[in-house]
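Novice:
In our numbering, the protein residues as written are 5 to 123.
Below, the structure written as structure tokens:
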């Protein structure tokens, strides 16, 4: 199972980040959720800080390019194996910086990847 960091996590059940947290958990992945508001989704606490984390396999983004600036250095320093740029989060500069550090970048949809067994 892949330890996954969800950026842009929300308690709002209409948000894709919320749906992703539920699906990741249902597929047996360890989920860490970070967002702008604290809360909880299916027993997973949403933190508003940038904790020191290790062994992150995947970062899945639910924050648009305009709001990614504060996250980029932090996420690259975590050195995940990959970053998934979900629809609407594509950011060429971030993509380039991450790939230069050896991080695989995927433009895709976490929910679709999970549903077809391609996560």
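Backbone N, C-alpha and C define an ideal beta-carbon position, used for all residues, glycine too.
Let me make sure I understand the geometry here. Which of 6, 101, 26 and 119 has the alpha-carbon closest to that of residue 13?
Specialist: If we check each option's Cα against that of residue 13, 26 comes out closest.
Novice: Contact between the region 101 to 117 and the region 33 to 42: three or more CB pairs below 8 Å?
Specialist: Touching, no, given that fewer than three Cβ pairs across the two stretches are closer than 8 Å.
Novice: With distances taken Cα to Cα, identify the nearest neighbour of residue 79 among 93, 91, 62 and 94.
Specialist: Nearest option by C-alpha distance: 62.
Novice: Just list the residues that DSSP pairs residue 49 with in beta bridges.
Specialist: 44, per the DSSP bridge assignment.
Novice: Can you list, in chain order, the residues of its chain with a C-beta nearer than 8 Å to that of residue 2? Leave out the 5 residues immediately preceding and following it.
Specialist: Outside the displayed range of the chain (5 to 123) lies residue 2, so it cannot be described from this structure.
Novice: Output the distance between the C-alpha atoms of residue 6 and residue 99, rounded to the nearest integer angstrom.
Specialist: Rounded to whole angstroms, residue 6 to residue 99 spans 21 Å at the Cα level.
Novice: Here's the rule I'm using: 16 or more other beta-carbon atoms within 10 Å means buried, otherwise exposed. How should residue 36 be labelled?
Specialist: Residue 36 should be labelled buried.
Novice: Check whether the Cβ atoms of residue 52 and residue 90 lie closer than 8 Å to each other.
Specialist: Result no, Cβ atoms of residue 52 and residue 90 do not sit closer than 8 Å.
Novice: Smallest Cα separation from residue 34: which of 8, 47, 24 and 85?
Specialist: Checked all of 8, 47, 24 and 85; the closest Cα to residue 34 is 8.
Novice: Count the other CB atoms within 10 Å of the CB of residue 122; is the residue buried (16 or more) or exposed (fewer)?
Specialist: That one is exposed.
Novice: If you drop the 5 nearest sequence neighbours on each side, which residues of the same chain put their C-beta closer than 6 Å to that of residue 54?
Specialist: Closer than 6 Å at the Cβ level, and outside the excluded window around residue 54, lie 78.
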